[in-house]
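*Asks:* Here it is, the structure in full.
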Ligand SMILES: [Zn+2]
Ligand SMILES: [Zn+2]
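Chains as they are written, first to last, in the working numbering: chain A, 1 to 172; chain B, 1 to 384.
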């Protein structure tokens with residue numbers, strides 16, 4: 001075999017962390033016999049539970065601290081509660097959560113309007129940056145978007161309008 | 001305060017949100033001075049991580065100044081400038097005692113498989129993240145580490161995730177002197193993993209990606225060979241050929257769920273979400289490693305099932321090692337390396353963006369516009 005190993009000692013720090021005993025089970029094997037007794041450590045104090053916190057059925061309780069970003073609410077919240085009746089080992093946990101996320105997006109838009117602001121989706125998608133660095137791709141994206149909207153409009157339009165549109169297209 | 005606000009797939013904006021509060025005696029409130037967007041944030045941004053709720057603030061890579069501490073916090077004081085590891089860890093549970101700080105059992109109620117992570121969906125605990133002016137930091141005595149005198153804030157922020165994850169990727173590879181290491185993915189983590197492979201004595205380091213500018217960056221920064229898989233018929237054959245048909249001693253998957261390069265994986269993993277992301281890089285790693293070799297995975301995958309060539313793992317006798325980086329365990333060593341100039345992490349930062357322009361920053365990073373490697377967000381209240 002061709003010897004591709006060269007002298008790399010010029011590379012700053014080469015080999016300084018080399019350890020012939022680098023064991024694949026490190027640091028997992030740094031455990032003590034205590035752990036055989038299970039869920040038995042001295043737990044940190046519990047963060048007061050004054051909101052709805054969903055917890056995995058694969059643990060007996062709510063962790064000592066938890067995040068409070070977005071408690072479950074609305075229809076998406078109902079779907080999430082259903083998901084948390086199933087274990088992390090089940091698609092019935094993960095797929096409903098993904099569905100809830102999509103429902104949540106619509107809820108977010110309704111929420112925005114309720115608060116009297118229309119979401120600026122163009123800005124939220126960062127299109128100004130795309131316009132700056134890659135105009136071509138943005139133009140394509142918009143054209144595809146317009147086509148999709150056009151097709152959707154046609155689907156909802158009446159039979160007559162659809163025919164008219166079709167003939168117009170063929171005439172050209 | 002200002003904070004990034006997730007509104008749905010590929011939609012984020014900056015909004016005013018209530019100030020975070022001390023909710024637990026071991027909490028601290030940190031005023032953010034630098035926060036990064038991470039490749040793994042893109043899985044959230046694209047709506048691929050289950051239980052990513054609208055209204056959440058992302059950001060697990062940040063450094064800042066301690067503004068307020070809870071009654072039980074002893075090691076930190078107001079005014080300390082701190083590196084905050086991306087994982088939230090209690091320091092007391094069975095896993096923290098084994099230094100598995102990425103696997104703490106007292107920081108995430110919502111899942112038992114993943115620990116608590118700042119700004120990383122409710123599946124990772126439902127915490128608001130650091131792409132904001134202020135953030136609540138639980139277990140303030142465990143994770144946060146005072147930034148040493150003289151360390152650049154841009155270097156410090158890279159110690160929250162990029163450097164430890166890249167380093168642990170190499171460490172988990174069990175690299176022995178002279179080994180050939182192949183890193184799949186030339187994002188910040190892949191570049192750092194390649195760099196750190198030398199510290200473990202690698203004899204040859206190869207990086208594989210599809211973006212020319214990232215390959216060029218990897219060649220310069222990590223002093224490695226770098227190749228474009230778009231120009232290969234098959235990456236596994238390429239690796240075999242260049243290792244005299246033996247395979248690499250160590251393969252590192254630094255890509256995770258957003259992998260390109262395989263249509264079937266892209267459709268099932270990224271579009272239909274039927275598996276936990278597209279496992280293309282993992283396939284390549286398993287199929288490119290030498291028999292008896294080690295595959296090290298730090299790429300982030302979702303929690304659902306994956307189509308992985310497990311048969312090849314058995315037949316080849318591969319050891320697979322994988323984890324979220326145990327940032328706190330590694331910090332002392334890595335701070336030394338940064339202070340001694342062995343690793344210069346801030347060189348990876350290509351974009352400095354005001355927090356207010358977070359939507360543009362996400363677009364630039366996710367679409368790889370303007371040769372972006374790593375963007376850092378700077379809140380208006382940073383003052384440094
Ligand atoms: Zn990260
Ligand atoms: Zn713990």
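Cβ atoms here follow ideal geometry from the backbone N, Cα and C, with glycine treated the same way.
From the DSSP output, which residues share a beta bridge with residue 258 of chain B?
*Replies:* In the DSSP output, where bridge partners are listed per residue, residue 258 of chain B has B/278.
*Asks:* With contact counted as at least three CB pairs below 8 Å, one residue from each stretch, are the region 316 to 333 of chain B and the region 286 to 294 of chain B in contact?
*Replies:* As far as the Cβ criterion goes, the region 316 to 333 of chain B touches the region 286 to 294 of chain B, which means the pair count is three or higher.
*Asks:* Buried or exposed, going by whether 16 or more other CB atoms sit within 10 Å of the CB of residue 52 of chain A?
*Replies:* Per the 10 Å Cβ criterion, exposed.
*Asks:* Please report whether the beta-carbon of residue 1 of chain B lies at a distance below 8 Å from any beta-carbon of chain A.
*Replies:* Chain A, which has no Cβ nearer than 8 Å to the Cβ of residue 1 of chain B, makes this no.
*Asks:* From B/257, B/162, B/256, B/326, pick the residue whose C-alpha is nearest to that of residue 373 of chain B; which is it?
*Replies:* When each option's Cα is compared against that of residue 373 of chain B, the closest is B/162.
*Asks:* Less than 7 Å separating the Cβ of residue 337 of chain B from some heavy atom of ligand 1?
*Replies:* False, no ligand heavy atom lies under 7 Å from that Cβ.
*Asks:* From residue 312 of chain B to residue 191 of chain B, what distance separates their C-alpha atoms?
*Replies:* Each residue's Cα considered, the two are about 27 Å apart.
*Asks:* Taking 6 Å as the limit between beta carbons, can you name the residues of its chain near residue 55 of chain A, skipping five residues before and five after?
*Replies:* Excluding sequence neighbours, residue 55 of chain A sits near 62.
*Asks:* Can you tell me which of the three DSSP states residue 323 of chain B falls into?
*Replies:* Residue state, collapsed to three classes: coil.
*Asks:* With 16 as the cutoff for other CB atoms within 10 Å, does residue 39 of chain A come out buried or exposed?
*Replies:* Exposed, because fewer than 16 other Cβ atoms sit within 10 Å of the Cβ of residue 39 of chain A.
*Asks:* How many angstroms separate the CA atom of residue 176 of chain B from the CA atom of residue 343 of chain B?
*Replies:* Taking the straight line from one Cα to the other gives about 20 Å.
*Asks:* Measuring CB atoms only, is the region 28 to 40 of chain B touching the region 151 to 167 of chain B, in the sense that at least three cross pairs come out at less than 8 Å?
*Replies:* Taking 8 Å as the limit for Cβ pairs, the verdict is that the region 151 to 167 of chain B does touch the region 28 to 40 of chain B.
*Asks:* Which residue from A/65, A/104, A/146 puts its Cα closest to that of residue 54 of chain B?
*Replies:* Residue A/104 is the option with its Cα nearest to residue 54 of chain B.
*Asks:* Using DSSP's beta-bridge definition, name the partner residues of residue 180 of chain B.
*Replies:* In DSSP, residue 180 of chain B forms a bridge with B/204.
*Asks:* So, does the region 133 to 140 of chain B touch the region 88 to 97 of chain A, judging by three or more C-beta pairs under 8 Å?
*Replies:* Judged by Cβ distances under 8 Å, the region 133 to 140 of chain B makes no contact with the region 88 to 97 of chain A, as fewer than three pairs qualify.
*Asks:* Which residue marks the beginning of the alpha helix (DSSP H) containing residue 222 of chain B, and which one marks its end?
*Replies:* Its alpha helix (DSSP H) spans residues 212 to 222.
*Asks:* For residue 362 of chain B, does the three-state DSSP call read helix, strand or coil?
*Replies:* Looking at residue 362 of chain B - three-state DSSP - the assignment turns out to be helix.
*Asks:* Quick one: what's got a C-beta closer than 7 Å to residue 38 of chain B's C-beta in the same chain, skipping five residues either side?
*Replies:* Counting only Cβ-Cβ distances below 7 Å, and skipping sequence neighbours, we find 60, 61, 161.
*Asks:* With distances taken between CB atoms, is the gap from residue 338 of chain B to residue 85 of chain B smaller than 8 Å?
*Replies:* Their beta carbons are not under 8 Å apart, which means residue 338 of chain B does not touch residue 85 of chain B by this criterion.
*Asks:* Would you mind working out which of B/220, B/21, B/237, B/188 sits nearest residue 254 of chain B, comparing C-alpha positions?
*Replies:* Nearest C-alpha to residue 254 of chain B: B/188.
*Asks:* When burial is assigned at 16 or more other CB atoms within 10 Å of the CB, is residue 145 of chain A buried or exposed?
*Replies:* With fewer than 16 other Cβ atoms within 10 Å, it is exposed.
*Asks:* Write down the C-beta distance between residue 108 of chain A and residue 13 of chain B rounded to the nearest angstrom, noting that I regard them as a contact closer than 8 Å.
*Replies:* Contact doesn't hold; Cβ gap of about 11 Å is too wide.
*Asks:* Determine the DSSP secondary structure at residue 31 of chain B, reduced to helix, strand or coil.
*Replies:* Strand.
*Asks:* Between the region 1 to 16 of chain B and chain A, which residues of the former have a C-beta closer than 8 Å to a C-beta of the latter?
*Replies:* Cβ contacts with chain A: 7, 8, 9, 10, 11, 12, 13.
*Asks:* Could you tell me whether any Cβ in chain B is nearer than 8 Å to the Cβ of residue 68 of chain A?
*Replies:* At least one chain B Cβ lies under 8 Å of residue 68 of chain A.
*Asks:* Can you give me the Cβ contacts of residue 172 of chain A inside the same chain, cut-off strictly under 7 Å, excluding the 5 residues immediately before and after it?
*Replies:* Its pLDDT being 46, under 50, residue 172 of chain A is placed unreliably by the model, and nothing is read from it.
*Asks:* Thinking residue 222 of chain B and residue 248 of chain B are a contact (beta carbons under 8 Å), I'd like their distance in whole angstroms, please.
*Replies:* Wrong, their Cβ atoms sit about 16 Å apart, outside the cutoff.
*Asks:* For the putative contact between residue 145 of chain B and residue 83 of chain B, defined by C-beta atoms under 8 Å, what is the C-beta separation to the nearest angstrom?
*Replies:* That belief holds up - the Cβ atoms of residue 145 of chain B and residue 83 of chain B are roughly 5 Å apart, short of 8 Å.
*Asks:* Do residue 370 of chain B and residue 127 of chain A have their C-beta atoms closer together than 8 Å?
*Replies:* Cβ distance not < 8 Å, so residue 370 of chain B and residue 127 of chain A don't count as in contact.
*Asks:* Taking just the CA atoms, how far does residue 202 of chain B sit from residue 17 of chain A?
*Replies:* Computed Cα separation, rounded: 11 Å.
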